[in-house]
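I have placed the structure first, in the form of structure tokens, so that the comments after it can refer back to it.
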Amino acid sequence: MLSNTALLLTINRVGYLALLLVMAFWFVLGPNSREYSLIFNLLWLVPLLLPLPGLMKGNPYTHAWASFVLCLYLLHALTLVYIAGDWLWFACLELALLVLLSVTFPFYARHRGRELGLGLKKKSKE
-19 MLSNTALLLT
-9 INRVGYLALL
1 LVMAFWFVLG
11 PNSREYSLIF
21 NLLWLVPLLL
31 PLPGLMKGNP
41 YTHAWASFVL
51 CLYLLHALTL
61 VYIAGDWLWF
71 ACLELALLVL
81 LSVTFPFYAR
91 HRGRELGLGL
101 KKKSKE
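Just so you know, the working numbering puts the end of the sequence shown at 106, numbered straight through with nothing missing.
Structure (structure tokens):
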């Protein structure tokens, strides 16, 4: 693995685990966590847990589709930035992590995919 690809993988792993911890804090211990049951709040974390094994293994395909999972949480972060008063710092932290991961996931998938010789096959001319 090249050094740039390894750096992207490290950023992705650390950023994703940080995002998971931030979201767990928000949905389990945050100011609005008492409005719904604990089970309902924990269900918000399930989409984040789905790509976790592939992300930790460094699978480029998982990094590619995990970007779509982040879109759900990006909507949450943008809404929180708009409505949060005292929790604006938290919303900005969540948004910063999501933007970082939304940029680095596809870059890692592209670079690692090229290293492994993966990619879309060109249509043959007949």
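Using N, Cα and C, we set each Cβ at its ideal position, and we do this for glycine too.
Same chain, Cβ closer than 8 angstroms to residue i, neighbours up to 5 away in sequence not counted
i: Val49; result: Pro27, Leu28, Leu30, Pro31
i: Val61; result: Leu68, Ala71, Cys72, Leu75
Sequence-distant residues of the same chain with beta carbon closer than 6 angstroms to residue i, five excluded per side
i: Gly38; result: Leu(-11)
i: Ala89; result: Pro40, His43, Ala44
i: Ile(-9); result: Thr84
i: Arg14; result: none
Closest by C-alpha distance to residue i, when choosing among the options
i: Phe7; options: Leu23, Ala89, Thr84; result: Leu23
i: Leu(-1); options: Phe20, Val79, Asn12, Met(-19); result: Val79
i: Leu35; options: Leu96, Val(-6), Leu98; result: Val(-6)
Nonlocal neighbours in the same chain, by C-beta distance under 7 angstroms from residue i, ignoring five residues either side
i: Phe87; result: Leu(-12)
Limits of the alpha helix (DSSP H) - the one that residue i falls within
i: Asn(-16); result: -17 to 4
i: Gly10; result: That residue, Gly10, is in no alpha helix (DSSP H); it is neither H nor E in DSSP.
i: Tyr16; result: Segment: none, Tyr16 is in no alpha helix (DSSP H) and carries neither H nor E.
i: Ser82; result: 68 to 96
i: Trp45; result: 40 to 63
i: Pro33; result: 32 to 37
Three-way DSSP call (helix, strand, coil) for residue i in this model
i: Leu25; result: coil
i: Lys105; result: coil
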